[in-house]
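A.B. asks: Residue numbers (the numbering used here): 1 to 463. For each residue, glycine too, the CB sits at the ideal point set by N, CA and C. Provided herewith is a single structure, encoded as structure tokens, for subsequent inquiry.
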């Protein structure tokens, strides 16, 4: 029987030490030491056959002499079409053979639904879906709800990594899905599934399989209460792509964004709408994020925002009321509260509106979380509209970053924002005067109004 010993791991970087430590000697993080039981026995070579190799990783060109960079021929990888325009866009054009993708998100956000729905649409490749959290009956019920059948999708409810490799050897899939990596364990380690050692070892062996067999592997990862991927940080380092699936469970919209992507841009973004029969791709999110009954309502402003590289118009809602307590409330949904406090200070100092004794509530419609600084002008306009109880023209949208001195600073991709507003039928748009000189307003039918200060914008909106 193998001798069992105790080792200490860093939950941040996965560093292993024989003794307890307060600060990790590798990454320097404090209070990340966890104790786990490990085995002295060495990993036995895999007995599986076929395309599976779990031994040492043999990279292309490893046995050859080093080459000059100019001698290496760059060949564009032929990507696998997942038959989903949103996830294809986020991945950079499709799934790269031999790549490893990690999908993270809050519990119940729809990670498993997204993957099962995606693989069920792939009819030209064999897919092995390994689930460590649900039974085959549960997966079948979900597949029936999604309304699809696919004989090329094989389901294995297994948590043992060695058994998963046996299934791989028998089926020889073109795509492997593991849901989730925190539920998979190998017999080579004595620690429980989800521990630092197990996550690191299982991910490393799956990476070797992906690179040697040229089979793409998609992993589902749990997240901590802080929002980071659970397990060692090395998990995010070894994978090729890290995708984040986010959104509010009480709203219907979900956003898929790339945090890391070795084969594409991290600026792309995919939007889905959660429905009873699965996730629906949102081709034009602007039309869904704008309500049609805000005419004559105060505290509503339309912002031309960009998330990633996709422009869309979003409704910004604000409510300003007299505070009943000594300390006024500042509440935001989908917007940075510290930035809201800064914008309120600009309103009071540079424009002269006293909001120190009033409660301010701000909401981004649709449950989206937007970090685009071009939302500033719409935010302060909505706040002022609610404070004065005056509505903003429904056919007007705004974009611009507000500086501390009250100036409206230029924003990126201004032409895309203007074209999106024109496409949705808006009559005019307020844009920063700085940075818009190069844009030819004669090419569009929408009226482009250039403003340089917030008081100038307010005179146009509330005249």
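Give the DSSP-derived three-state secondary structure of residue 245 in the structure shown.
C.D. replies: Strand.
A.B. asks: Beta-carbon within less than 7 angstroms of residue 343's beta-carbon, same chain only, minus the 5 sequence neighbours each way: which residues are those?
C.D. replies: Here the set comprises 376, 379, 380 and 402.
A.B. asks: Tell me whether residue 195 counts as near the ligand HEM, meaning its Cβ is closer than 8 angstroms to at least one heavy atom of that ligand.
C.D. replies: As presented, the structure is devoid of all ligands, the ligand HEM included, so that no description of it is given.
A.B. asks: Out of 73, 102 and 17, state which residue places its alpha-carbon closest to the alpha-carbon of residue 262.
C.D. replies: Nearest C-alpha to residue 262: 102.
A.B. asks: Go ahead and label residue 366 buried or exposed: buried means 16 or more other beta carbons lie within 10 angstroms of its beta carbon, across all protein chains shown.
C.D. replies: The residue is buried, with at least 16 neighbouring Cβ atoms inside 10 Å.
A.B. asks: Taking the alpha carbon of residue 445 as the reference point, which residue from 415, 455 and 110 has its own alpha carbon closest?
C.D. replies: Among 415, 455 and 110, the Cα nearest to that of residue 445 belongs to 415.
A.B. asks: Which runs of the beta strand (DSSP E), 3 residues or longer, sit entirely within the segment 98-155?
C.D. replies: Listed in chain order, the complete beta strand (DSSP E) runs (minimum 3 residues) inside the segment 98-155 are 100-105 and 127-131.
A.B. asks: What residues in its chain sit with their C-beta under 7 angstroms from that of residue 247, if we drop five residues either side in the sequence?
C.D. replies: For residue 247, where only same-chain residues beyond five positions count, the Cβ hits under 7 angstroms are 109, 253, 254, 255 and 367.
A.B. asks: Can the beta-carbon of residue 197 be found closer than 9 angstroms to that of residue 16?
C.D. replies: Yes.
A.B. asks: Who does residue 361 pair with in a DSSP beta bridge?
C.D. replies: Answer is 319 and 331, bridged to residue 361.
A.B. asks: To the nearest angstrom, how far is it from the Cα of residue 328 to the Cα of residue 181?
C.D. replies: Approximately 45 angstroms, taken between the alpha carbons.
A.B. asks: Could you give the DSSP three-state label for residue 207: helix, strand or coil?
C.D. replies: In the structure shown, residue 207 sits in a helix (DSSP, three-state: H, G or I).
A.B. asks: DSSP state of residue 13, grouped into three classes?
C.D. replies: Coil.
A.B. asks: Which stretch, first to last residue, makes up the beta strand (DSSP E) that contains residue 342?
C.D. replies: That residue, residue 342, is in no beta strand (DSSP E); its alpha helix (DSSP H) goes 337-346.
A.B. asks: For residue 291, count neighbouring C-beta atoms within 10 Å of its own C-beta (all shown protein chains included) and say buried if the count is 16 or more, exposed if not.
C.D. replies: Classification of residue 291: exposed, given that the 10 Å Cβ count is below 16.
A.B. asks: Please return the same chain residues whose Cβ sits closer than 6 angstroms to the Cβ of residue 464, not counting the five positions on each side in sequence.
C.D. replies: Here the chain comprises residues numbered 1 to 463, so residue 464 is not present and cannot be evaluated.
A.B. asks: Using beta-carbon positions only, say whether residue 13 and residue 233 come within less than 9 angstroms of one another.
C.D. replies: Contact flag set, yes.
A.B. asks: Between the Cα of residue 117 and the Cα atoms of 183, 387 and 139, which residue gives the shortest distance?
C.D. replies: The shortest Cα separation from residue 117 among 183, 387 and 139 belongs to 139.
A.B. asks: For the alpha helix (DSSP H) containing residue 388, name the first residue and the last one.
C.D. replies: Here the alpha helix (DSSP H) through residue 388 covers 376-388.
A.B. asks: If you draw a straight line from the C-alpha of residue 55 to the C-alpha of residue 282, how long is it?
C.D. replies: With a pLDDT of only 42 at residue 55, under the threshold of 50, the placement of this residue in the model should not be trusted; the figure read from the coordinates follows. Looking at the two C-alpha atoms, the distance is approximately 43 angstroms.
A.B. asks: Roughly how many angstroms lie between the CA atoms of residue 450 and residue 356, to the nearest whole one?
C.D. replies: Straight-line Cα distance between these residues: approximately 30 angstroms.
A.B. asks: Under a three-way DSSP split, which group does residue 455 fall into?
C.D. replies: If DSSP states are grouped into helix, strand and coil, residue 455 belongs with the helices.
A.B. asks: For residue 323 and residue 358, which I take to be in contact (beta-carbon distance under 8 angstroms), what is that distance rounded to the nearest angstrom?
C.D. replies: Yes, residue 323 and residue 358 are in contact; Cβ-Cβ is about 6 angstroms, under 8 angstroms.
A.B. asks: Output the residue ranges of the beta strand (DSSP E) runs that lie fully inside the segment 170-214 and measure 3 residues or longer, sorted by chain position.
C.D. replies: Those beta strand (DSSP E) runs which fall completely within the segment 170-214 and span 3+ residues are 175-179.
A.B. asks: Do residue 79 and residue 90 have their C-beta atoms within less than 9 angstroms of each other?
C.D. replies: No, they are not a contact pair.
A.B. asks: Under the DSSP definition of a beta bridge, which residues are partnered with residue 220?
C.D. replies: Answer is 103 and 179.
A.B. asks: With DSSP run on the structure shown, which of helix, strand or coil describes residue 269?
C.D. replies: Here residue 269 sits in strand by DSSP.
A.B. asks: If you draw a straight line from the alpha carbon of residue 67 to that of residue 239, how long is it in whole angstroms?
C.D. replies: Rounded to whole angstroms, residue 67 to residue 239 spans 25 angstroms at the Cα level.
A.B. asks: Taking the alpha helix (DSSP H) that residue 285 belongs to, which residues open and close that run?
C.D. replies: Unbroken alpha helix (DSSP H) run through residue 285: 285-289.
A.B. asks: Go through its chain and collect everything with a Cβ distance to residue 88's Cβ below 6 angstroms, but skip five positions before and after it.
C.D. replies: Only 82 and 94 meet the Cβ criterion.
A.B. asks: Quick check on DSSP: helix, strand or coil for residue 275?
C.D. replies: Residue state, collapsed to three classes: strand.
A.B. asks: So, is residue 349 buried or exposed, given that buried needs 16 or more other C-beta atoms within 10 angstroms?
C.D. replies: Counting Cβ neighbours within 10 Å, residue 349 comes out exposed, since fewer than 16 surround it.
A.B. asks: Sorted by chain position, which residues of the same chain lie with C-beta nearer than 6 angstroms to residue 259's C-beta, five sequence neighbours on each side aside?
C.D. replies: Within the same chain, residue 259 has close Cβ partners 242 and 244.
A.B. asks: Note down, in chain order, each residue of its chain lying with its Cβ closer than 7 angstroms to the Cβ of residue 195, except the 5 sequence neighbours on either side.
C.D. replies: Only 36 meet the Cβ criterion.
A.B. asks: Where does the unbroken alpha helix (DSSP H) through residue 421 begin, and where does it stop?
C.D. replies: It spans 414-423 - the alpha helix (DSSP H) in which residue 421 sits, taken as one unbroken run.
A.B. asks: So, at 8 angstroms on beta carbons, what are the nonlocal neighbours of residue 60 in its own chain, with the 5 sequence-adjacent residues on each side left out?
C.D. replies: With a pLDDT of 46 at residue 60, under the threshold of 50, the modelled position of that residue is not reliable, and the figure given next carries that caveat. Once the five neighbours on either side are set aside, residue 60 has no close Cβ partner at all.
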